[in-house]
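Residue numbers (mature numbering (1 follows the signal peptide of the UniProt record, and there is no 0)): -19 to -1, 1 to 512.
Think of the CB as a built atom: it goes at the ideal place given N, C-alpha and C, for glycine as much as any other residue.
Worksheet for the structure shown next.
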């Protein structure tokens, strides 16, 4: 009797599975009329959301067909009954695939996204909620009501509420549309703003939205969204300015040391950035050829290589050329300009005149979406953090080490430092190498956000000198404030006036500032300097 009962229960369960979807709901999917197919898709999704998902997925994959009056799913060599998901044996010979056009496919994609709202996986529901927000229509309201009633995650619920409000804009009830407009006004998405703008416009002599209260609410919501968008745009400009300032800081730190210690106007400093950037490309090539499994970590190896390569070039420049031109600023400027041309030609000879590809590691891809129109890229976030780390290291070297003490002594009073036994010539070489190495680190960072080519350093040499002069010669604090300030100021100006005008305005500002305060933001302290 127990076995008989189990068999009976199993038969009843299988029978219920066979009747999971009413075949009458499936039959219109094979109709010739697109409107009938779309109506069947909506009815099927609303009636049986869980059971409809595999059927509509097969429809989207062009795997839905008809055998006589029965709708079936073609799964490789198997043929399944669409209403019960049971295999048909033997497989029928005459199978006709159901056609689908672009209009039906759009509706099908929207319905599939809505059905995925009932998935047990949060990531699937979150992705579906984002897709539904872009395509919500009034006919999806019953399905969205079910999804809202079943959803407990607050972030997904917020997204679904926006989708529900968007779909409610098509309602015939003015009160429903009014509530939907007010709900959409809490969004920060530019797409929602574009959705509301037509409600405040006319088509011919008639308003798109006939109800005046709804139109007024739409105008208020648009202004609210625009305020949040403007706030997000300003935050984006500030962050972009900080990332630009971080690059300028890395480029100017080394220049601040060499210019502060030796008074050398090094026009080849931009090419030291180029050396660091090509070091990153070289390490990427080495890892790609010999350590492909660890390719995403080539950048960590490029940091010491870029520092040492640029520092070596800097030491050679100081030993071979610059050492013999101290006290002759014009000759030094011309000599370093010639060195910059020489280094660019060497790069063209070794690596070619075209830019080379330096790819971001996987862990630097993507970003953080703070707001719908504000994405903070990981590569720029990491560059800002890297700049802070280099700045801390430089501060420690200059303030906590014996080399730093000698550098500060030579910067403030070279004759007196030499009198008390400081080897000024050796300090010049070490300081120049240190400054060049920091520029190499700037090049490694720059390779992650800009093109790497022989001429890449030329675009940063003038800005680096502006940072040094504005901040105060030999002053790290001045370089920090000047670099970050110029970066943020430039990006805000570019948003209002354009890149060229912003560059001119910044240059004029610096000229006027230096006329009023020649020592820069932070002046050096010391009897020799102050005298």
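Mind checking which residues open and close the beta strand (DSSP E) that includes residue i?
i	result
residue 48	45 to 48
Excluding five sequence neighbours on each side, which residues of the same chain lie with their C-beta closer than 6 Å to the C-beta of residue i?
i	result
residue 252	321, 324, 438
residue 342	277, 280
residue -7	Residue placement at residue -7 is flagged as unreliable, the pLDDT there being 39, under the threshold of 50; a coordinate-derived value is accordingly withheld.
residue 91	116
residue 39	45, 54
residue 413	239, 295, 299
Exposed or buried, residue i, counting other C-beta atoms within 10 Å across all chains shown (16 or more means buried)?
i	result
residue -16	The predicted position of residue -16 is uncertain, since its pLDDT is 41 and thus under 50; a value taken from the coordinates is nonetheless stated next. With fewer than 16 Cβ atoms within 10 Å of its Cβ, residue -16 is classed as exposed.
residue 265	buried
residue 18	buried
residue 472	buried
residue 271	exposed
residue 182	exposed
residue 462	buried
residue 366	exposed
residue 250	buried
residue 258	buried
residue 132	buried
residue 344	exposed
residue 97	buried
residue 159	buried
residue 313	buried
residue 203	buried
residue 212	exposed
residue 331	exposed
residue 426	buried
residue 444	buried
residue 101	exposed
residue 326	exposed
residue 435	buried
Report yes if the C-beta of residue i is less than 7 Å from at least one heavy atom of the ligand SAM; otherwise report no.
i	result
residue 474	Of the ligands one can find in the structure shown there are none, so the ligand SAM has no counterpart to examine.
Near residue i, which residues of its chain fall below 7 Å by C-beta distance, leaving aside the five closest residues on each side in sequence?
i	result
residue 495	450
residue 347	359
residue -11	Any answer about residue -11 is weak, because its pLDDT of 41 lies below 50 and its placement is not dependable; what the coordinates show is given next. Closer than 7 Å at Cβ, skipping near neighbours: no residue.
residue 146	161, 164, 165
residue 224	361, 364, 365
residue 476	218
residue 256	290, 291, 294, 421, 424
residue 448	229, 233, 460, 463, 464, 467
residue 245	239, 303, 313
residue 391	242, 398, 403, 405, 408
residue 510	Its pLDDT being 46, under 50, residue 510 is placed unreliably by the model, and the measurement read from it follows with that caveat. Taken in chain order, the residues that qualify are 393.
residue 148	117, 118, 119, 121, 122, 125
residue 62	51, 53, 69
Which partner residues does residue i have in the DSSP bridge list?
i	result
residue 302	For residue 302, which the question treats as bridged, DSSP gives no partner whatsoever.
residue 433	337
How would you write the range of the alpha helix (DSSP H) that residue i sits in, first residue to last?
i	result
residue 491	480 to 497
residue 409	405 to 427
residue 266	250 to 271
residue 245	First-last for residue 245: undefined, no H or E at that position.
residue 401	First-last for residue 401: undefined, no H or E at that position.
residue 440	439 to 452
residue 10	Neither: residue 10 is in no alpha helix (DSSP H) and is coded neither H nor E.
Enumerate in chain order the residues of its own chain whose CB-to-CB distance from residue i is below 8 Å, with the five nearest sequence positions on each side excluded.
i	result
residue 103	134, 137
residue -14	Residue confidence is low: residue -14 scores 38 on pLDDT, short of 50, so the model does not pin down where it sits. No coordinate-derived value is stated.
residue 205	166, 167
residue 58	72
residue 93	34, 37, 38, 41
Q: Just list the alpha helix (DSSP H) runs in the stretch 319 to 386, keeping only unbroken ones of 4 residues or longer that don't cross its boundaries, in chain order.
A: 359 to 381
Q.
Which complete alpha helix (DSSP H) runs does the stretch 143 to 224 hold, if anything under 4 residues is left out?
A. 155 to 165, 171 to 177
Q. Mind pulling the alpha helix (DSSP H) runs of 4 or more residues that sit fully within the stretch 51 to 126?
A. Within the stretch 51 to 126, the complete alpha helix (DSSP H) runs of at least 4 residues fall at 83 to 96, 103 to 116.
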